[in-house]
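J.: Once you've had a glance at the structure underneath, I'll fire off some questions.
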Amino acid sequence: MDRVELCSVTNAFEIHGRGLVLVPDFSVPDGWKDREEVVVLEHPEGNRIESRAIFNLTHFNISDPTIPLDRRWRVVLLLPDLKKRDAPAGTKIFVSAEIRNVLIGRNPS
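Add 4 to a position in the sequence shown, counting from 1, and you land on the number used in our numbering.
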């Protein structure tokens with residue numbers, strides 16, 4: 005399957021029992037349904053690995069009432085089989101064109 009670049013990792017953190025959560029996260033597209041696919045991670049030094057990824061609707065419990073709804077509900081990219089060392093800052097994430105178009109709302113270039 006051909007893959008296109010979705011984003012570059014700015015940060016990542018592990019949640020026990022869930023896996024590696026990548027930053028950035030994404031606005032929730034209309035009609036969103038969680039999905040799973042294999043993605044490619046390209047590390048800053050150029051090596052590539054594949055991983056199972058879950059694109060999951062997540063609620064952020066933010067107490068500040070001025071924060072907009074779009075920042076409270078996000079689509080988060082979860083890599084359940086990886087550790088933080090597997091996705092250092094600068095790692096590029098490649099996904100199917102379909103999921104990129106849904107999350108970013110434009111065709112890949």
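Built from N, CA and C at the ideal position, the CB exists for glycine as well.
1. Around the C-beta of Val42, are 16 or more other C-beta atoms found within 10 angstroms, so that it is buried, or is it exposed?
2. Tell me the DSSP secondary structure of Ile66 in three-state form.
3. Assuming Leu24 and Lys88 form a contact by the criterion Cβ under 8 Å, report the distance between their Cβ atoms to the nearest whole angstrom.
4. Got a sec, what are the start and stop residues for the beta strand (DSSP E) Ala16 sits in?
5. Between the beta-carbon of Val79 and the beta-carbon of Phe59, is there less than 8 Å?
6. Could you tell me the boundaries of the beta strand (DSSP E) in which Asp74 lies?
T.: The relevant details are as follows:
1. exposed
2. coil
3. 6 Å
4. 15–19
5. yes
6. Careful: Asp74 lies outside any beta strand (DSSP E), inside the alpha helix (DSSP H) at 73–76.
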